[in-house]
Amino acid sequence: MPTTKYIFVTGGVTSSLGKGIISASLAKLLQSRGYRVTIQKLDPYINVDPGTLNPYEHGECYVTEDGAETDLDLGHYERFLNVYTSQSNNVTTGRIYQDVINKERHGDYLGKTVQIIPHITDEIKRRVKLLGTKHRYDFVITEIGGTVGDIESLPYIEALRQFKWEMSGNVLTIHLTLVPYLAATGELKTKPTQHSVKTLLEAGVQPDIIVLRTEHPLTTDVRKKVALFCNVTKEAVIESRNVSTIYEVPLRMQKEKLDETVLQKLGMQIGERPALTPWKQFLKKHYEPKHEVLIGIIGKYVELKDAYKSINESFVHAGAYNNVRVKLKHIQSDNLCEETISEKLKALNGILVAPGFGNRGIEGKVLAVKYARENNIPFLGICLGMQCAVIEFARNVLELEDANSTEMELNCKNPVIDLMAEQKMITDMGGSMRLGGYPCRIVKDSKAHDAYRKNRVVERHRHRYEFNEKYKSLYEKAGMKATGINPDTNLVEIVEIPNHKWFVGVQFHPEYKSTVLNPHPLFIKFVKASLS
Ligand code: GLN
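Counting in the working numbering, the sequence shown runs from 119 upward without gaps.
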């Protein structure tokens, strides 16, 4: 059986250089060569998972098919590779410690003193190795979150040092740093990279490949200098220049021969360079759209685009599919009121009301739904967005003025959105929502069926509240139909208004399943409707 190769990606100089995108791009290139590849993210924070984190802290929380609440980088991995990730693809310090402490309580360490080395580092290595062996991947690319030198990432770097030592020949380290440009002297500076590599060396890790994030092309001199000071070959110095879309990065990395250098350093056959045809076709459509639409995303985290990362990316995929440039306007829902709504929304070709939690901005979202419904503007409501559509319809069409969700008003008279029965006894916040993939039966002759062209789909969830079944017949009579139903529990998963141009609300999150090569059908149809 061929052995799994392990590639670690570390970051230096600053955070946010795009380790996730470099990892996903390398994975894409190796996958296109016929290898089985997966990516894993090690996060140095103490939260067990990012599910309890405010999006302002860490951007969107991404949900996998098996119901893990994970770092948003896993979204990039799925969008690039077109394969599912799982709970084991995202490991946090909190989870590692929780496991080690549980084992200690269970008596598994047989009286030993439990320490960072070897117990925490062993647990880290176990989780990396397990991912490779359990699913027989050819490559596991493990991204270590944070920046080299952080106190928090030390155990991970130490685990990497041990891993490299124990599995010599099968492990490779890529270090991503920044080469700042000094406009005054017109120079790219390599000193921060040198220091960052020294920090890694102090921890006993010699990087095999250095990827340099830069605003300007690297000169031969810069490449030579980095190679000399950081003990790597010249081919192992890779340029990663700023590009207008993350989807360009795999092509840039191919040009820089990142994949070839990886294969060569791991002693593997290089073989033919993959053509990446479907990827290039997607990019061509992305760069040369024939039309343009403006879609408003009504949410409460608008200052932080990462909060709606998967939604933004889904529009890139669906836009290219339809030959459309989708321009997005993020609109703060707290600022919407009856007087200004039409001014703020009138230029939009489509309106998306975003997912979310809690009361803030909710009335603005309900107003945006009303505007879309009354003015026949294509509308997509996701999770809380769908719940707002249900509330709006109750208040303004069913004339149940006091309709609300019990999330917003515990004792409201008409709880058209209510806590799911199985949620009523839950008090813990972490990992306790309805999470991950659930089946949904699609009703024929509906907008949803027209999009999916299937009678049954599986979509990912992350919520506690649901459409209140008691009101269903009232809605159906008044013109809002339930067109997606969970076949096991009868929960309403999709609502739509048949006599509207395109008005669909979904209790699940379609954005988690949209990829470059498989744009999500609902986003495709929503963009198409916004175009007409
Ligand atoms: N807060 C709502 C719920 O828990 C919606 C969640 C969401 O939009 N992801 O049901």
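Think of the CB as a built atom: it goes at the ideal place given N, C-alpha and C, for glycine as much as any other residue.
Nothing here was measured: the structure is a model prediction, and the numbers come from that model.
Asked                                                                                                             : Found
CB contact check: V622 to chain D, cutoff 8 Å                                                                     : The structure shown contains no chain D; it holds only a single protein chain.
Counted within 10 angstroms of its Cβ, other Cβ atoms place W397 as buried (16 or more) or exposed                : buried
Where the alpha helix (DSSP H) through S358 begins and ends                                                       : Premise fails: S358 lies in the beta strand (DSSP E), V355 to R359, not in any alpha helix (DSSP H).
Limits of the unbroken alpha helix (DSSP H) element including D568                                                : K565 to Y570
Residue from M543, H313 and V201 whose Cα sits closest to the Cα of T132                                          : H313
Nearest to T182 (by Cα), restricted to the options L192, R341 and K307                                            : L192
Assumed close pair G138, T311 - CB separation to whole angstroms, cut-off 8 Å                                     : Contact flag wrong, Cβ pair sits at about 20 Å.
DSSP-derived helix/strand/coil call for H638                                                                      : coil
Rounded separation between G75 and H176 - CA only                                                                 : Nothing about residue 75 can be read from this structure; the chain reaches only from 119 to 650.
Simplified DSSP assignment, three categories, for V624                                                            : strand
Where I140 falls, given that 16 or more other Cβ within 10 Å makes a residue buried                               : buried
Three-state class that DSSP yields for E374 in the structure shown                                                : coil
Test item, CB below 5 Å from any non-hydrogen atom of the ligand GLN                                              : P473, F475, C501, L502, R580, H581, R582 and Y583
S648 beta carbon less than 8 Å from that of P407                                                                  : no
Exposure label - E284; buried when at least 16 CB within 10 Å                                                     : exposed
Neighbourhood of K282 by C-beta, 6 Å cutoff - its chain only, sequence neighbours within 5 removed                : V289
Cα-Cα separation between N165 and Y426, rounded to whole angstroms                                                : 21 Å
I388 in three-state terms, based on DSSP                                                                          : coil
Continuous beta strand (DSSP E) assignments of at least 3 residues falling wholly in the stretch 494 to 527       : 497 to 500 and 521 to 523
Three-state secondary structure (DSSP) of N165                                                                    : coil
For F475, the three-state DSSP class (helix, strand or coil)                                                      : coil
Close beta carbons around Q387, own chain, < 8 Å, minus the five adjacent residues each side                      : L381
Burial state of R552, where buried means 16 or more other Cβ atoms lie within 10 Å                                : buried
Nonlocal neighbours in the same chain, by C-beta distance under 6 Å from T128, ignoring five residues either side : I262, V266 and H293
Cβ contact check for the stretch 447 to 465 and the stretch 406 to 425: 3 or more pairs under 8 Å                 : yes
Sufficient close CB pairs (3 or more, under 8 Å) joining the stretch 155 to 164 to the stretch 530 to 541         : no
Three-state secondary structure assigned by DSSP to K447                                                          : strand
Endpoints, beta strand (DSSP E) assigned at V315                                                                  : Per DSSP, V315 belongs to no beta strand (DSSP E); it is in the alpha helix (DSSP H), K309 to E320.
Assigned exposure category for T251 - 16 Cβ within 10 Å defines buried                                            : exposed
T395 (DSSP reduced to helix, strand or coil)                                                                      : helix
Beta bridge counterpart(s) of D536 as assigned by DSSP                                                            : E584
Alpha helix (DSSP H) segment containing I364, residue limits                                                      : Taken as a continuous stretch (DSSP letters only), I364 belongs to no alpha helix (DSSP H), as it is neither H nor E.
Span separating the alpha-carbon of A438 from that of N349                                                        : 42 Å
Cα-Cα separation between I269 and K316, rounded to whole angstroms                                                : 16 Å
Run of the beta strand (DSSP E) containing C558, from where it starts to where it stops                           : R552 to I560
Same chain, Cβ closer than 8 Å to N586, five either side skipped, listed in chain order                           : P533, V534, I535 and D536
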